[in-house]
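A.B. asks: Below are the C-alpha cells for one structure; questions will follow.
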Amino acid sequence: MDGKKIIKAYFDIGSPYSYAGLELLRQYYNSIWADLIEVHLEPVLLGGIFKTVGNKAPIEISSKNSYMRKDMIRCANWVGINLKIPELFPMSSLKAMRLLSATKYLYPDKLWDTSFAFFKAYWIDSVDITDSTSLNLALNKANISEEMLEQIISFSETNKNKEILKNYTTEAVEIGIFGCPTFAVHNSYLKYPISSNISSEPIHNSGFEIFFGADRLPILANFLNLPYFGPLINNNIIKDNESKL
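Take 1 as the starting number for the sequence shown in full-length UniProt numbering and just add one per residue.
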C-alpha cells in the first residue's frame, strides 16, 4: 500500500447512486488505478445521516420524485448496470448494512463481494432487503464459505456490531458527509486543498476533502492526478473480468 492514495467510499445499499459510484470506482480499482490507490469501503446508515444533519431523501420530495427515478436508471446505465427500480422502494437497508459492517469487522477482504451481492439483489433482482432469509441467500452468492456466512450472520445481530455501524455513521457525519455515495480523501493528497479557497471557516475541519455523488469521481480523479477515461464498460483497459477484490 506504500505510496498509494487512500479513498474512503461511504455507501448504503439503499442508495442506487452508491451502486453506480462503487461500480465505477471498482472498474478503475481493478485496472488502471490498481497500483495508485487503496479503497476503504465504509458502510453507513444513510437514514441515520439524514436524521442527524436534517436532510430528506430526494425521492421523498414530490417535485423531484419522477426525475429521480429516471436519473437513477440513467446513472446506473452510464456505468453498465441494468438497474431496475425495486417494487419495494424505498425500504429500510438496516439489516443489510448490519451484515456488511459485520463482514467488514470479521472478513474485510470479502466486503466488496458481499456489498455487490446486496446491490445486485436489491437493484436488479428486486429482493426484499428487510427479509433476513433473502439477505442470507444473497450472501450465499458472495464467494464466502458456509462457516464465514454463519459467523457474519451471528455477529451482525450483536450489540457490538450495532455500535460499530453506528460509529461508522457518526464518523461520516463528523467529516461533513450528508449523503451517499461520498468519497473522502485526505487533503494532503490534493494538488491544493479545496477548502483553502473558501473564504468562510469550514464547518468540518477533519483534514478530509469530500466528493459527493457517483458523478463526482471524474472530479476526484482530476484532483488526485489519476487517469480517467469515463466508465470502462467493455473497455480493453480492464485487465480481465475477474475482480482482485
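Idealized CB from N, CA, C, for every residue including glycine.
Determine the direct distance from the alpha carbon of M68 to that of L139, and round the result to whole angstroms.
C.D. replies: 29 Å
A.B. asks: What is the DSSP secondary structure of I6, reduced to helix, strand or coil?
C.D. replies: strand
A.B. asks: With respect to the beta strand (DSSP E) encompassing T158, which residues constitute its N-terminal and C-terminal limits?
C.D. replies: Run containing T158: none; DSSP gives neither H nor E here.
A.B. asks: Could you check which residue in P218, K5, A57 and L106 has the C-alpha nearest to that of E160?
C.D. replies: Checking the sequence, you will find Lys at residue 160 rather than Glu. Comparing Cα-Cα distances from K160 to each of P218, K5, A57 and L106, the minimum goes to L106.
A.B. asks: Here's the rule: buried if 16 or more other CB atoms are within 10 angstroms of the residue's CB, otherwise exposed. What is I81?
C.D. replies: Label assigned to I81: buried.
A.B. asks: Using C-beta distances below 8 Å, list every residue in its chain close to M148, excluding the 5 sequence neighbours before and after it, in chain order.
C.D. replies: Closer than 8 Å at Cβ, skipping near neighbours: L106, Y107 and K110.
A.B. asks: Could you tell me whether the region 41-50 touches the region 169-188, using the rule of 3 or more Cβ pairs below 8 Å?
C.D. replies: Cβ pair count under 8 Å is three or more, so yes.
A.B. asks: Assuming A142 is part of the beta strand (DSSP E), what are its boundary residues?
C.D. replies: A142 -> no beta strand (DSSP E), and no H or E assigned at all.
A.B. asks: Determine the closest residue to I210 out of Y189, G230 and P227, with distance taken between C-alpha atoms.
C.D. replies: Among Y189, G230 and P227, the Cα nearest to that of I210 belongs to Y189.
A.B. asks: Is the CB-CB distance between I152 and T103 below 8 Å?
C.D. replies: yes
A.B. asks: Report the rounded CA-to-CA distance for E38 versus I7, giving the unit in angstroms.
C.D. replies: 6 Å
A.B. asks: Within this structure, are the beta carbons of I129 and S93 separated by less than 8 Å?
C.D. replies: yes
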